[in-house]
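J.:
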Amino acid sequence: MTTQATKITIVTERLIQSEVTRIIEDAGASGYTVVEGSGKGQHGLRSSVRPQMVGAFSIVKIETLVADRGVADTIAERVIANCFQQFSGIVYLSTVEILRPERF
Amino acid sequence: MTTQATKITIVTERLIQSEVTRIIEDAGASGYTVVEGSGKGQHGLRSSVRPQMVGAFSIVKIETLVADRGVADTIAERVIANCFQQFSGIVYLSTVEILRPERF
Amino acid sequence: MTTQATKITIVTERLIQSEVTRIIEDAGASGYTVVEGSGKGQHGLRSSVRPQMVGAFSIVKIETLVADRGVADTIAERVIANCFQQFSGIVYLSTVEILRPERF
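Residue numbers (the working numbering), protein chains in the order written: chain A, 280 to 383; chain B, 280 to 383; chain C, 280 to 383.
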């Protein structure tokens with residue numbers, strides 16, 4: 280009764296939250312969630328253009344689920360190409376099982 | 280040294296947090312966590328009974344781990360049946376590896 | 280174009296956040312994120328030394344990604360050995376796909 284889907288998680292600086300969510304919406308995902316937190320490390324989370332951001336700092340964790348793996352790959356690639364040249368962040372994918380697949 | 284378990288994630292409106300956590304506890308899960316955030320989209324996250332909630336709005340992300348897959352399915356089905364007719368939200372399952380399985 | 284990695288999630292009392300993140304950094308992970316929330320239950324989340332903590336209480340959810348599974352196991356084992364004798368918490372592992380593996 281469940282269907283496989285792909286969850287895309289983007290952890291990045293709050294400053295580019297709206298740029299990331301625009302990429303998500305443009306790619307055709309039907310929604311997303313944002314949780315605020317803090318982060319530390321080079322984990323892609325230290326900005327080369329703002330070297331003062333080496334310690335712990337504020338992050339947003341943005342998640343979206345898509346039924347179509349191609350859409351997931353598109354979102355991941357666009358976030359890296361458009362956001363992570365100038366800003367720090369990581370993106371990763373995981374497989375989840377959804378119910379009511381018509382909603383995704 | 281790890282054991283497979285199922286993580287159930289429910290993203291929904293804050294208004295029904297206690298209803299969701301009661302379903303989790305009634306099904307026999309041994310605990311849960313709640314994180315607050317914001318969300319947007321039709322992703323099941325727009326309430327049909329409150330059409331003004333179309334933009335970004337507050338959500339809670341509720342997670343629980345259960346060792347028994349049947350319990351996970353029960354929680355997912357009850358949340359959809361009891362909460363998501365009137366309120367918007369999504370539920371998804373993922374496989375994780377736990378340590379100390381006697382605690383779940 | 281993606282590479283498998285292991286995500287380690289630790290949900291525990293805020294009091295030992297810095298102890299957990301030190302274990303993560305000592306094991307060689309390149310970063311971590313922390314989100315605050317609330318939790319309830321015996322889920323490993325009730326402290327035996329502080330039995331008053333039976334209801335809902337504040338938690339932190341700490342996550343890190345590592346490309347090397349052995350590092351993930353080390354972090355999980357050290358957190359249990361060093362933190363969860365005295366404090367309550369859970370640790371679980373999941374498989375994710377990362378991009379730009381050189382950053383992990």
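Every residue gets a Cβ at the ideal spot worked out from N, C-alpha and C, and that includes glycine. All of these numbers come straight from a predicted model, not from anything done at the bench.
Examine chain A for any beta-carbon lying closer than 8 Å to the beta-carbon of residue 372 (chain C), and answer yes or no.
T.: Position 93 of the third sequence, counted from the start, is the residue given in the question as residue 372 (chain C). No, no contact with chain A.
J.: Out of curiosity, what's the CA-to-CA distance linking residue 367 (chain B) and residue 291 (chain B)?
T.: In the second sequence, the residue the question calls residue 367 (chain B) occupies position 88. In the second sequence, the residue the question calls residue 291 (chain B) occupies position 12. Approximately 6 Å between the Cα atoms of the pair.
J.: Relative to the C-alpha of residue 385 (chain B), which residue among B:343, B:357, B:339 and B:371 is closest?
T.: Residue 385 (chain B) is absent from the structure shown; chain B starts at 280 and stops at 383.
J.: By the 10 Å Cβ neighbour count, where 16 or more other Cβ atoms means buried, how is residue 305 (chain A) classified, buried or exposed?
T.: As a working mapping, residue 305 (chain A) is identified with position 26 in the first sequence. When all chains shown are included, residue 305 (chain A) counts as exposed.
J.: Would you please verify whether the beta carbon of residue 359 (chain A) is less than 8 Å from any beta carbon of chain C?
T.: The residue you call residue 359 (chain A) lines up with position 80 of the first sequence. Yes, because at least one Cβ of chain C sits closer than 8 Å to the Cβ of residue 359 (chain A).
J.: Is the segment 297-311 of chain C touching the segment 357-364 of chain B in the sense that three or more CB pairs, one from each, lie closer than 8 Å?
T.: They do not touch, by the three-pair rule.
J.: Alpha carbon to alpha carbon, how far is residue 382 (chain B) from residue 370 (chain C)?
T.: Stepping through the second sequence from its first residue, residue 382 (chain B) is reached at position 103. Stepping through the third sequence from its first residue, residue 370 (chain C) is reached at position 91. Distance between the alpha carbons of residue 382 (chain B) and residue 370 (chain C): 11 Å.
J.: What residue does the alpha helix (DSSP H) around residue 296 (chain C) start on, and which one ends it?
T.: Position 17 of the third sequence, counted from the first residue, corresponds to residue 296 (chain C). Here the alpha helix (DSSP H) through residue 296 (chain C) covers 296-305.
J.: Of all the options A:360, A:320 and A:313, which has the alpha carbon lying nearest to the alpha carbon of residue 311 (chain C)?
T.: As a position in the third sequence, residue 311 (chain C) is number 32, starting the count at 1. If we check each option's Cα against that of residue 311 (chain C), A:320 comes out closest.
J.: What does residue 355 (chain A) reach in chain C if we use C-beta pairs closer than 7 Å?
T.: Mapped onto the first sequence, residue 355 (chain A) falls at position 76. Those within 7 Å of residue 355 (chain A) in chain C are 378.
J.: Apart from the five residues on each side of it in sequence, which residues of its chain come closer than 7 Å, Cβ to Cβ, to residue 348 (chain A)?
T.: Start at 1 with the first residue of the first sequence, and residue 348 (chain A) comes out as number 69. For residue 348 (chain A), where only same-chain residues beyond five positions count, the Cβ hits under 7 Å are 285.
J.: Within the continuous alpha helix (DSSP H) that includes residue 284 (chain C), where are the two ends?
T.: By one-based count along the third sequence, residue 284 (chain C) stands at place 5. First-last for residue 284 (chain C): 282-291, but that is the beta strand (DSSP E), not the alpha helix (DSSP H).
J.: From residue 299 (chain B) to residue 289 (chain A), what distance separates their C-alpha atoms?
T.: Residue numbering aside, residue 299 (chain B) sits at position 20 when the second sequence is read from its first letter. Residue numbering aside, residue 289 (chain A) sits at position 10 when the first sequence is read from its first letter. Distance between the alpha carbons of residue 299 (chain B) and residue 289 (chain A) is about 26 Å.
J.: Beta-carbon separation of residue 375 (chain C) and residue 373 (chain A) under 8 Å?
T.: Here residue 375 (chain C) refers to the residue found at position 96 of the third sequence. Here residue 373 (chain A) refers to the residue found at position 94 of the first sequence. Contact: yes.
J.: Within 10 angstroms of the Cβ of residue 331 (chain C), are there 16 or more other Cβ atoms? Answer buried if so, exposed if not.
T.: Numbered from 1 along the third sequence, position 52 holds the residue referred to as residue 331 (chain C). Residue placement at residue 331 (chain C) is flagged as unreliable, the pLDDT there being 46, under the threshold of 50; a coordinate-derived value is accordingly withheld.
J.: So, for residue 345 (chain B): in the same chain, excluding its five sequence neighbours on each side, which residues have a beta-carbon less than 6 Å away from its beta-carbon?
T.: Stepping through the second sequence from its first residue, residue 345 (chain B) is reached at position 66. Cβ neighbours of residue 345 (chain B) beyond the five flanking positions: 285, 308 and 351.
J.: Against chain A, does residue 313 (chain C) count as a neighbour if the rule is that its beta carbon must be under 8 Å from one of theirs?
T.: Counting from one through the third sequence, the residue named residue 313 (chain C) turns up at place 34. Interface residue, yes.
J.: Who are residue 343 (chain A)'s beta bridge partners in DSSP?
T.: As a first step, residue 343 (chain A) must be located in the first sequence, where it is residue number 64. In DSSP, residue 343 (chain A) forms a bridge with A:287.
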